[in-house]
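Q:
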C-alpha cells in the first residue's frame with residue numbers, strides 16, 4: 001500500500017532512516033538488529049518506531065530480491081505493532097522496472113533499458129526472482145514522504161519540483177509515469193532521476209529551500225549520493241566524523257547513503273529527531289559506536 005506523503009498519523013517511536021541498500025541483505029539485517037528494529041528471526045521489534053528506506057534496494061549487491069521481500073514483510077508487521085515502514089522509490093528501481101517492462105517488446109534492447117540497468121550494477125538473479133507482486137510493489141513506491149519536520153527523498157536533485165508542487169502531487173505523477181507504455185517517458189524519467197549533487201555548490205542551499213518550501217519540512221534527508229563522494233570529491237566535513245552522515249547545504253540537508261554495497265566496512269542507519277541527528281548505528285567493522 002502506498003502511503004500518502006502527508007502522513008495522517010505519526011508513530012510515537014523514533015524516526016529511523018536507512019539509505020541505499022543495493023542488495024546488501026545481510027548487512028541490512030545486521031544494522032536493523034543493532035538498531036533494535038528487528039529480531040533474530042527478521043521480524044519487526046521496533047514497536048511504534050517509523051522506519052524509512054530511501055530507495056535503491058536492488059543492483060550491485062547479491063540479494064536485492066531478498067531486500068525487497070524483507071521490507072515488504074516489515075511493512076505489515078510494523079503496522080500491526082503501531083509502527084510504520086515507508087519505502088521510497090529509488091532510481092535503480094526505475095532502471096530495473098524499465099528493463100523488465102520492455103523486455104518482450106524490445107528483445108534486442110534497442111531502447112537500451114537492459115544495458116543501462118546492467119551497466120549500473122543490475123543483477124540478473126534479482127530480475128529472475130522478483131515475482132509479479134514484488135514488481136507491483138516496486139512500481140507503487142512513493143517518491144517523497146514527510147515525517148514531522150523532515151522531508152524524505154531518494155535523490156539530491158531538484159527533479160521533484162518538475163513533477164508537482166506537493167508531496168501527494170509528485171507521488172501521483174510518478175505513479176502515472178510508471179504505468180506508461182512509452183519508452184520515451186521511461187527514458188526521460190530514468191535520466192532525470194540519475195541527477196545528483198544539487199545541494200553542493202556555494203549558494204545551492206537555495207535549491208534545498210525551494211524543495212522544502214514546495215513540499216514542507218524544515219530539513220531534508222536523502223540517499224543516492226554516497227557520503228564518500230561528498231567527502232572525497234567535495235571536501236565536506238561531517239558533524240559526526242568520517243564515514244558518517246553528511247550535514248551540508250546550509251545545514252538543511254543530510255546525506256544518508258553509506259555506500260553499503262561498495263565497501264566491506266561501510267554501513268550505518270540513522271535516527272533523526274527534530275532538526276538533527278539523534279543516533280547513528282554503525283555496521284560492525286566500521287566506525288565503533290559512540
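Residue numbers (this note's numbering): 1 to 290.
Glycine residues also receive a C-beta, built at the ideal position from the N, C-alpha and C atoms.
Keep in mind it's a predicted model, so treat the numbers as computed, not measured.
1. Do residue 214 and residue 249 have their C-beta atoms closer together than 7 Å?
2. Hey, how far is the Cα of residue 177 from the Cα of residue 185?
3. Taking just the CA atoms, how far does residue 270 sit from residue 279?
4. Which runs of the alpha helix (DSSP H) at least 4 residues long sit entirely within the region 120-162? Give them in chain order.
5. According to DSSP, which residues form a beta bridge with residue 86?
6. In angstroms with no decimal places, state the Cα-to-Cα distance between residue 89 and residue 224.
7. Counting C-beta neighbours from all protein chains within 10 Å, is the total for residue 16 16 or more, i.e. buried, or is it exposed?
8. Report the rounded CA-to-CA distance for residue 42 versus residue 117, giving the unit in angstroms.
9. Between 36, 75, 33, which lies nearest to residue 52 when the distance is taken from Cα to Cα?
10. Classify residue 91: buried if its beta carbon has 16 or more other beta carbons within 10 angstroms, exposed otherwise.
11. Answer yes if the region 94-102 comes into contact with the region 25-39, meaning at least three C-beta pairs across the two stretches below 8 Å, and no otherwise.
12. Are the CB atoms of residue 261 and residue 24 nearer to each other than 7 Å?
13. Quick check: what's the CA-CA separation for residue 55 versus residue 181?
14. Taking buried to mean at least 16 other C-beta atoms within 10 Å of its own C-beta, is residue 165 buried or exposed?
15. Between which two residues does the beta strand (DSSP E) carrying residue 210 extend?
16. Mark residue 226 as exposed unless 16 or more other C-beta atoms lie within 10 angstroms of its C-beta, in which case mark it buried.
17. Applying the 10 Å Cβ sphere with the 16-neighbour rule, what's the burial state of residue 124?
A: Reading it off the structure:
1. For the purposes of this step, residue 214 is taken as the residue at position 214 of the chain shown. For the purposes of this step, residue 249 is taken as the residue at position 249 of the chain shown. Contact: no.
2. The count along the chain shown starts at 1 and reaches residue 177 at position 177. The count along the chain shown starts at 1 and reaches residue 185 at position 185. Cα to Cα, the separation comes out at about 7 Å.
3. In the chain shown, counting from the first residue as 1, residue 279 sits at position 279. In the chain shown, counting from the first residue as 1, residue 270 sits at position 270. Looking at the two C-alpha atoms, the distance is approximately 6 Å.
4. 124-129, 132-139
5. The sequence position of residue 86 within the chain shown is 86, counting from 1. Per DSSP, 52.
6. As a working note, residue 89 is residue 89 in the chain shown. As a working note, residue 224 is residue 224 in the chain shown. Cα to Cα, the separation comes out at about 11 Å.
7. As a working note, residue 16 is residue 16 in the chain shown. With 16 or more Cβ atoms within 10 Å of its Cβ, residue 16 is classed as buried.
8. The count along the chain shown starts at 1 and reaches residue 42 at position 42. The count along the chain shown starts at 1 and reaches residue 117 at position 117. So the two alpha carbons sit approximately 29 Å from each other.
9. For the purposes of this step, residue 52 is identified with residue 52 of the chain shown, where counting begins at 1. For residue 52, the nearest C-alpha among the options comes from 75.
10. Against the chain shown, residue 91 aligns to sequence position 91. Residue 91 comes out buried.
11. no
12. Numbered from 1 along the chain shown, position 261 holds the residue referred to as residue 261. Numbered from 1 along the chain shown, position 24 holds the residue referred to as residue 24. In this structure, residue 24 lies closer than 7 Å to residue 261 by Cβ.
13. Position 55 of the chain shown, counted from the first residue, corresponds to residue 55. Position 181 of the chain shown, counted from the first residue, corresponds to residue 181. Their backbone Cα atoms lie some 23 Å apart in a straight line.
14. Within the chain shown, the letter at position 165 stands for residue 165. By the 10 Å Cβ count, residue 165 comes out exposed.
15. Looking up residue 210 in the chain shown gives position 210. Careful: residue 210 lies outside any beta strand (DSSP E), inside the alpha helix (DSSP H) at 205-215.
16. Here residue 226 refers to the residue found at position 226 of the chain shown. Per the 10 Å Cβ criterion, buried.
17. Mapped onto the chain shown, residue 124 falls at position 124. Exposed.
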